[in-house]
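Residue numbers (this note's numbering), protein chains in the order written: chain A, 113 to 224; chain B, 2 to 535; chain C, 337 to 431; chain D, 78 to 577; chain E, 48 to 364. Idealized CB from N, CA, C, for every residue including glycine. First comes the structure, then the notes that go with it.
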Amino acid sequence: MNPSLLAGLVGAALVGLGLYGLIAHPHPLRKLLAFNLVGSGVFLVFGVVARRGAAAGYAFDPVPQAMVITGIVVAFAASALAVALILRLAVAGGDVSLDPQASGRRDDGEAE
Amino acid sequence: MIAALLVATLAAPAIFLAACFVGKWRERALAWQFLAPAPGLAAGIFGLSHAPVAVDFPGLGLSLTLDPPGALLLAFAALLWMAVTAALWRDRAPGARFGISWLLTMFGGLGVFVAGDLVSFYLVYALVSLPAYGLFAFSEDPEKRRAGAIYLAFALLGEALLLLAFALLAAGEPHGSARIADVMAALPASPWRDAALALIVAGFGMKIGLIPFNGWMPLNYAAAPIPAAAVLSGAGVKAGVIGLIRFLPLGVPMEGWGEALAALGFLTAFYGVAIGLAQRTPKTILAYSSISQMGVIAAALGLGLARGDTGAAGDMAFYGANHLLVKSALFLTIGAVASAGRLSRRSLVLAAALALSLAGLPLTGGALAKLASKAQFASGMPALLATLASIASAMLMTHFLIHLTEMSGEAAEDARRETPAVLIRFWPALALGALLLPWFFADAPGEALSLGKIWDGFWPVAVGVAAALGWRRSGLAAPKIPAGDSIVLYERGFARMMALGPVFETADARLRQWPAAAASLLLIVLALLAAASI
Amino acid sequence: MSVLADLFSLAAVGAGVFFFIAGTAGLLRFPDSLTRLHALSKADNLGLGLVVLGLIPRAENPLAALKLVVVWALVLLSGASTAQLIGRVLRRGRE
Amino acid sequence: MIAQPATTPGGFLLVLAVLLPAAGTLFSFALGSRAAEKIALGLTPVGFFLACLVAMKVAAAGAPIAYAIGGLPPPLGIALRADGVSAVMMVTASIIVAAAAFYARAKFATPDGVEESRGALTFWIMIQAIWAALNLIFVGGDLFNLYVALELLTFAAVPLVCIDGRPETLAAALRYLLFALFGSVSYLLGVALLYGLYGTLDISLLAQRVGAAPMVWTAAALMTAGLLAKTALFPLHLWLPPAHANAPAAASAVLSGLVVKGSFFLALRLWFYVLPALPTAAPGAVLGALGALAVIFGSVLALRQARLKLLVAYSTVAQIGYLFFVFPLAAGAHVWSPLGWSGGVMQILAHAFAKAAMFLAAGLVAEALGHDRIAGFRGAARALPLTFLTLGLGGLSLMGLPPTGGFEAKWLMLRAAAASGQWIWSLPILGGGLLAGGYVYRILAPALADGEAAIQARPERSREAIALGLAVIALALAFAPQGFFDFLEIGRPFASGSAP
Amino acid sequence: MSVLPLLDIGLALLVVAVAAWTIAARNLFASVLGYVAYGLLLALVWVRLHAPDIALTEAAVGGGVTGVLLVTAGKRLDALKATRSGAGPGLRERIVAGALSALVAGALAFVVASLPTPAPSLAPQAAAAAAGPGAGLGNPITAVLISYRAFDTMLEKIVLLLAVLGIWSVGADDAWGSAPAPLRRARPDGAMVLLARILAPIGALIGVHIFWVGADAPGGAFQGGALLAAMWMVAMMARLLEAPRIGSRALRLALISGPAVFLTVGLAGNILAGSFFAFPPGFAKPLILFIEAFMVLSVAVALPMMVAGPPDGESKP
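Have a look at this one:
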C-alpha cells in the first residue's frame, strides 16, 4: 500500500466520520468540529491528487497544494464565524439548538 | 383601415387603463371608459362584410385577426359594453376598485375576439376571466365571497388547462409559429392532437359551464350586481364560445371527438334546464339557462366537428351573439321589473318575448339563431334532441317569468338598487333592440318568416310553456337543489384536500430538522450517482 | 568516525525513545493528574532532548543543528509553562 | 466546441466587474459606515454600466468574451468568461442590488452623532461583497475559483440574515452557515476528484476532456448536492424560510432574488457547460423530480403561512423548484433544448425581479402596519395602493399569468415538456401555478376588501416606487423579443442556433 | 526501508482513531481537545505527503489558531451553564446516518483508489513558469498562490475580512467600536507571562522568517502571518497586550492592507505588464514580496481578531 493511497483512504474515513458527526450531533460546536473533519478529509484528497501528480523532478503538483492552503484559510474563517454565532446565541437565549421544533422554540418570530 | 381599427380595438382600453395609473386622471378615465369599446364596434361591423384579415407584429410576437364569426361577436359585445358602461357611470360612480376590474374585464372581453396568436389570446382570456372577481366578490356577504373564491378557482383551473393545451398546440407546429391559424392547421397531424383537444374542451368548457364544470356560474350570477351579471353572462361567457370556435379543428372531420362533445353539450343543455327548474331566484334561473344554451352551442360545434363542417363556426357565432344580447337584456329585465313593482301587460309581453327568444320563438332573434343551428341539427337524433332542447328551454324561461313576477322583498330591493336608472327607463327600447338587432346581421332573415319555419319554431315553445304552466298548476314541488348543484361536492372535496395541509406542515417540519436535511443531502448524492450509473 | 557517530546517535535516540515510552506509560498508568503531568514532562524534556542530541551529529550544517537545539529549547519552555499552568489549575480545583 | 482565445477584446471588463465591488468592500471597511453607504450607492450606476457594456460586447461579438488573469491561460491560470447568460445575469444582479441599496437607505443610514453603526457598516459592505461574488460566479471559468466565489457569497449573506441580532435570526443565520458549509465541502470534494481525473478545473478544458466514468459521476453528484444545499432545493430548504423571512426586507430581496440563484447558476454551469456531452437524462430526471417536490411542498406551505414574509419565503422554496425543470428539459442537443434553456433562464430572471419586488413591498407593509400578519391586512390596499400593486404584479408573475416573465418561463417550459414528450413535468408546473394563485389570493383578497387598516407610518413614495419598478421589470420580461433568447444561446455548448 | 510503511500505517490509524474520538467523545470539551491533537497529527500526514507548506499551515491553523478558537469557545460555553442544544437523534436515525456516511465514504474510497495512472499534473508547467520571468520564485506553491491563481488568493483574503466583519456584527449595537473581550478574563499567572515574554519575540522572528523564505522554500505569507497571529494571541492571553478597539483606523487599515495592496498591484499590472495581475518581468519577485508583506500583516491581525470575537462593551477603554 503506497502512502498516497493510504492517505486517500484516511481522507475517505475522515469524510465518513465527519459526515456522521455532522448529521448526528445536536450541539452546533460539535457539528463544527465534524465539519472540520470532513474538510480535512477533503483536503487530504487534494493532497493525494497533488502527490500523485509528482512529475518533472517535483515531488508534488503545486496547484492542488495551493488550493488546500486557500481551503484551510476559508475553513478557519468559517469556523470562527460559526463560533461567534454560537457564543452569541448562547449568551442571548441559552439555546443553541439548530432545530427550533426540537427545543420548543418557534423560528417564525414576528417581523420587526 | 381595418388594421388600424383592429389595433385600436385593443389600444383604446389599454390607453384608458394606462390613464388609471395617474392619480388625477383615474376618475375621468373610468367615467369615460364607455368609449373604449367604440373602435371594437367599428372593427366588428367593418369586419363582418370583409374577408378575414390578420395583422402581425413580429417584433412583439403579437398578431391580431378578424374573421366574420369573431367580428359578429365583437360588434355585439362592444355594443353591450358601451351601453352598460355608459349607463352605469352616468347613474353612479363606482369606486376605483370596481372600475378598474370592469375596465380590465372589458379589455379582455373585447380582446378575445381579435387575438390572433396563442400568447395574446391567453392574455386576453385571462383578463376576461380573473379581474371579474373584483366586480362582485369584495363584500361582507359570505355568500358572495364564497362565489368569488369558487369563481376564481375555476378560472385559474381553466387557465392552467388551457396553458397546457396551448403548449401542446405550439409543440405540434413544426415551424415555431404561435399564430392560431398556423397551429390549428398543424393540429390534425400533431402527435398531441387528442390531449390538446381534451384540454381545449375542458378549459373552455369551464368558461361556458359545461358539466361537470357548471357549478360556479349560478353562484357567480347570483352574487354579481345586475349590470355586472349582464355583461358577464352576455359578453364574458362568449370568450369560451369564441375559444371553442377558434380552437376546434372544424375543417377536419373528427368523428369521435365531435360526437363526444355533442353528447356532452346536449347533456349540459338538459341538465341545465332540469336543475334550473328547481331554482327560485330569477338570477339563478338565468344562470342555468345560460348553462343550457351553452350546452346547445357545444353540441352544435361538436356535430360540426364530427362532420368537418367549418360553417358551424359562423352559425354558432350568430347563435352566441343572439344569446349575448338576449341574456344581458334579461338580466336588465330583472332590474326593470323590480323597480316597476308590477308589470304592465305590454311589458309582460316584451319580457316574455325576450325570454322565449332563447327557445327560438318565431319573429324574435332567437328564431334566427335556431335557424342558424339547423345546419348542425339537420336530422335524426340531433334534430330530435335540438327540438327537445327548445321545449326544455321554453319551460325554463316560463319558470323564469313566473318567478320574475313573483319576486318580492329583499331580492327585488337589491335588483332595483343594482340597476342603473337609465337602463330601467330605456328598458323597453333595449329589449326591443335585443329582439330585433339580430335580424340585421342574419344571412337570410327572410327564410325565418316562411310559414313552415314559423310553425317549426312555434310548437316547441308552445309545448314548453304549456308544460311549465301545467307543472305549476299541478302543484308538484321540485326537489330542493342548492344553487350551483355539483359545486357542493367539489367544496367538500376541496375541504378534504385542505385538511391535508397540516400533513404537509408536519412533513415539512420533520424534513427541516437538521438530521433529516443533512441525511437528505447524502441521499441526493447517492441518488444522483445511482441515476448516472444506470 | 562515522561509525562512532552512528553509534552515538543510536544510543541517544534509543534513550530518548525509552523516556518517551516511559512517559507515555506514566501518562496512562499513574493515578492522578499531577503525577501524570510529572511523567509527561519527563518525556518532553529528557526524551526530546536525547533525540535532539542524537540527531545533532547527523545535521547537514551547524545552522541545522542550531535549529534542532532551538526546537528543544522552545519545547522545554512551553512544556514547563503548560505544566505549571495545569498544575496551578489543579491545585485551585483541590482547594 | 470551438476553442476560444484566452483573452478577447473587452475581456478586461469582466475583471473590473468583479474587482469594482470588491474594492468597494475594502474601502468601505477602512473608511467606516458613513462612507460605505456613499461608496455602495455610488458604485451601483457604474456596475450597471459595466454589466451593460459586457452584454453589448457579447452581443457584438456573437461569442463569449474571455480574459485570462495575469495573461496566463488555463490550465495553469484562471480564465473569466462571459457568455449570453452571464451577461444577462450580471445586468440583473446590478439592477436588483441597486434597487435594494437605494431602498435600504432609510433603514441603514448611519445615525447622526454616531461615528459608525454596526448595522450600517455590515449591510453596506456585505451587499457589495455579494455583488462581487455574484459577478465572479457569473463569469468565473475555473471551478476552484468559483468555490472561493461561492464562499465569499455565503460569508456575505450570513451576517445579513442576523443583522438585527434577535435570537431567532441568530439561530437562522447559524443554521444557514452550517448547512452552507456542508454544501461547500461537498462541492469542494467533487472539485478535488475532477482535478485528480483531468488535471484542470477550467470549465471549457474540462468539457473537452470529460467522459462518462463513474468517477466523473461521483464528482458531479457531490458538487451538485453541495450546490443544491446552498440553493435550498427541497428537501434541503431547512435554512431558507427562517433566514429569508427574518432578514431585513432589503437583504431578503437580495438573498431570495439573487443569492440562491448564484449556486443554482453554478449547477447550470456544471451540467450544461462541463458535462454537456454526457448522457444526463437520468440525473436530470432526479433533479427535476426534486424540483417538482419543491414546487408542491413550497406552495402548499406558503398557502398555510400566517405571516407575509414567511409566505413569500416559502414561495421562494417553490419557485426554486421550477428552476430545476431546466435539467430534464434543456439537456442535450434536441430541437426543444433551446426552449427549455430559455424557459429556465427566464424563470431565474422573472423570479429574481418578482421576488425582490415582493420582499421590498412586504417590508413596506410591515413598516406601515407595524406587523405582517395576513389576517390583519383588511383594507390595507386602499392605504398602500402602490405597495399592494407591487405585491399583485409580483404575484401575477409567480402564478405564471400573462403578461409577466413568470408566464413566459412557464410557457417555454411547457412547450419544451410537450415537444420532448416529457409531459410529466407539466403537472407540477401547472399545479404550482394554481397553488400560487391560492397564496397570492390569500394576500390580496383581504387587502383589497373593504375596511380600514391602521397605518402607523406611511412609507416614502420613493421606496414604494423602487419596489414597483422591480415588479414592472418582471412584467416587461414577457415582452422579451426573439433576439433576447438568441442572446441567451451565445456560448452554450450544443446551442443549435435556432432559439424558440 | 521497511519501517516507513509501518509508520505510515500507524500514523493513519492514529489519525483516524483520534478523529473518531472527537466524534464519539461524550463531553464537548474532550472532543475539542481531541480535535486539537488531531490537527497536530494531521500536520505529520501532510509531511508524509511531501506537502511541507500545507503541513506548516495545518500546524499553525488547524492545531494552533483553531485550537485556541475552539478551546476558548468551549470554555465560554461551559461558563454559560444553561445552554441547551436539544436532544440528539434516536438510535434509528443514528444508524441511518451512519449507513449513509459509510456509503458516501465507501464511494469516495473507491474513487480515490481508482484515480487514473499516470495522474494528470501541472507540476512541470508550474515549475517552469514559477522560475520564469513573470514570477522568478523557487517555491512553485507561492508562485501558484500569488501569480497564477492570484484571484483565488486575493478573494480568500476578502473572505477573511468578511468573516471578521461578520463576527463583529453579531455584537451588541451599543458595544460597536469598542474592543473585543479579552481572551482570558482572569489576571494571568506568572508562568503564562513568562512564556509570552520569551516565546512571543522568538515566534515573531520565526514567523517573519517563514514569510521571507516562502518565496523559494516551504513557507509563505499565510503561514508566517498565522505564526505571528499565534504569538499575538499568546501575548493577549498573558494580558501583555489588549485587543484593539474595532473602531480603530489603524486596525482597519492593517486588515485591508493585504487585499488592498494585492488589488492595487493587480490593477496596475494591466498598465505595467499588459494584463491584470501580471507582474512586469524583472520586478516580479520584489513585487510579490511587497504584496506578501502586507498579506502577512493582514493575516496576523485578522486571525486574532476572529478568535477574540465581537466587540464587548465592558472593555471599553
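Subject >> Nearest-angstrom Cβ-Cβ length linking Leu198/D and Ser110/D, presumed shorter than 8 angstroms >> reply: 4 angstroms
**OP:** Measure from the C-beta of Leu540/B to each C-beta in chain A and report whether the shortest distance is under 8 angstroms.
**Re:** Nothing can be reported for residue 540/B: it is not among the residues displayed for chain B, which extend from 2 to 535.
Original post:
Which residues of chain E have a Cβ atom closer than 8 angstroms to the Cβ of Arg424/C, listed in chain order?
Top reply: Asp236, Ala238
Original post:
Per DSSP, what kind of secondary structure is Gly361/B in: helix, strand or coil?
Top reply: coil
Subject >> Three or more C-beta pairs below 8 angstroms linking the stretch 432–448 of chain D and the stretch 533–549 of chain D >> reply: yes
**OP:** Kindly indicate which three-state DSSP category Leu67/B falls into: helix, strand or coil?
**Re:** strand
**OP:** With 8 angstroms as the threshold, decide whether the Cβ of Val526/B is near any Cβ in chain E.
**Re:** yes
Original post:
Taking one C-beta from the stretch 230–237 of chain E and one from the stretch 265–274 of chain E each time, how about it: are there three or more such pairs within less than 8 angstroms?
Top reply: no
**OP:** Verify the CB distance criterion: does Glu379/E have a CB-CB separation below 8 angstroms to chain D?
**Re:** With chain E running from 48 to 364 in the structure shown, residue 379/E is simply not present.
Original post:
Hey, would you say Ile155/D sits closer than 8 angstroms to Asn222/D, going by beta carbons?
Top reply: yes
Original post:
Would you call the CB atoms of Leu255/D and Leu210/A closer than 8 angstroms?
Top reply: yes
Subject >> Interface positions of the stretch 501–523 of chain B facing chain A (Cβ-Cβ less than 7 angstroms), listed along the chain >> reply: Ala510, Gln514, Trp515, Pro516, Ala519, Ala520, Leu523
Subject >> Contact with chain A by Val331/D, beta-carbon distance below 8 angstroms >> reply: no
Original post:
How many Å lie between Ala544/D and Gly259/B at the Cα?
Top reply: 50 angstroms
**OP:** Can you tell me which of Gly190/D, Val92/D, Ala327/D, Phe104/D puts its alpha carbon nearest to the alpha carbon of Val216/D?
**Re:** Val92/D
Subject >> Boundaries of the beta strand (DSSP E) in which Leu149/D is found, first to last residue >> reply: No beta strand (DSSP E) holds Leu149/D; DSSP gives it neither H nor E.
Subject >> Listed by chain order, chain B residues near Gly469/D by CB distance under 9 angstroms >> reply: Here the premise fails: no neighbours, minimum Cβ distance about 11 angstroms.
Original post:
To which residues of the same chain is Ala320/D closer than 6 angstroms at the C-beta, ignoring the five residues directly before and after it?
Top reply: Val238, Ala249, Tyr253
**OP:** Can you give me the Cβ contacts of Gly218/E inside the same chain, cut-off strictly under 6 angstroms, excluding the 5 residues immediately before and after it?
**Re:** Pro357, Pro358
Subject >> alpha helix (DSSP H) segments (min. 4 residues) lying fully within the stretch 451–529 of chain B >> reply: 452–475, 488–499, 502–512
Subject >> Contacts around Ala59/E, its chain only, beta-carbon distance under 8 angstroms, and the 5 residues preceding and following it disregarded >> reply: Val92
Subject >> Distance, Leu529/B Cα to Pro353/D Cα >> reply: 16 angstroms
**OP:** Have a look at Val54/B and Arg180/B and give me their C-alpha separation to the nearest angstrom.
**Re:** 13 angstroms
Original post:
Listed in chain order, which residues of the stretch 286–314 of chain D have Cβ atoms closer than 9 angstroms to some Cβ of chain B?
Top reply: Ala289, Pro291, Val293, Trp294, Thr295, Ala297, Ala298, Leu299, Thr301, Ala302, Gly303, Leu305, Ala306, Leu310, Phe311, Pro312, Leu313, His314
Original post:
I think Leu265/B touches Pro383/B, with their Cβ atoms under 8 angstroms apart; what is that distance to the nearest whole Å?
Top reply: With a Cβ gap of about 14 angstroms, Leu265/B and Pro383/B do not count as contacting.
**OP:** List the residues of chain A that Glu541/D touches, going by C-beta distances under 7 angstroms, in chain order.
**Re:** The premise fails here: Glu541/D is roughly 18 angstroms from chain A at the closest Cβ pair, so nothing lies under 7 angstroms.
Original post:
Quick one: what's Gly217/D bridged to in DSSP?
Top reply: Leu157/D
Subject >> Val331/D vs Ala177/D beta-carbon contact at 8 angstroms >> reply: yes
Subject >> Partners in chain D for Phe139/B, counting only beta-carbon separations shorter than 9 angstroms >> reply: Ala522, Leu525, Ala526, Asp527
Subject >> Range of the contiguous beta strand (DSSP E) that encloses Asp342/C >> reply: Unbroken run through Asp342/C is the alpha helix (DSSP H), 338–365; no beta strand (DSSP E).
Original post:
Quick one, which of Arg123/E, Arg196/E, Leu89/E, Phe323/E has its alpha-carbon nearest Asp178/A's?
Top reply: Reading off the sequence shown, one finds Ala at residue 178/A, where the question assumed Asp. Comparing Cα positions, the closest option is Arg196/E.
Original post:
First and last residue of the alpha helix (DSSP H) that includes Asp365/E?
Top reply: For residue 365/E there is no data in the structure shown, the boundaries of chain E being 48 and 364.
**OP:** Within 10 angstroms of the Cβ of Glu203/E, are there 16 or more other Cβ atoms? Answer buried if so, exposed if not.
**Re:** buried
**OP:** Could you say if the stretch 288–298 of chain B and the stretch 213–225 of chain B meet the contact criterion of at least three C-beta pairs nearer than 8 angstroms?
**Re:** yes
Subject >> DSSP-derived helix/strand/coil call for Arg384/D >> reply: strand
**OP:** Mind the definition here: the stretch 50–68 of chain B touches the stretch 86–105 of chain B only if three or more C-beta pairs lie below 8 angstroms; say whether that holds.
**Re:** no
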